[in-house]
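Printed below as a string of structure tokens:
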């Protein structure tokens with residue numbers, strides 16, 4: 070997998086971080102929950118990029 074594809078995948082994961090972070094904060098009202106959500110998404114994104 071070339072570098073442009075890897076960067077594209079990471080940018081694609083940026084959208085759920087922004088929108089999902091807002092949704093998580095609206096539902097739970099806690100920045101800790103947002104941090105956990107974003108860490109989980111980062112782990113998945115790194116796994117997807119490093120897996121191929």
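In the numbering used here, the protein residues as written are 70 to 121.
Built from N, CA and C at the ideal position, the CB exists for glycine as well.
Under 9 Å between C-beta atoms of residue i and residue j
i           : j           : result
residue 79  : residue 114 : yes
residue 103 : residue 90  : yes
residue 82  : residue 117 : yes
Three-way DSSP call (helix, strand, coil) for residue i in this model
i          : result
residue 99 : coil
Inter-residue CB distance, residue i and residue j (contact presumed, cutoff 8 Å)
i          : j           : result
residue 86 : residue 110 : 6 Å
Cα-Cα separation between residue i and residue j, rounded to whole angstroms
i           : j          : result
residue 120 : residue 73 : 15 Å
residue 97  : residue 88 : 14 Å
residue 112 : residue 84 : 15 Å
residue 108 : residue 95 : 18 Å
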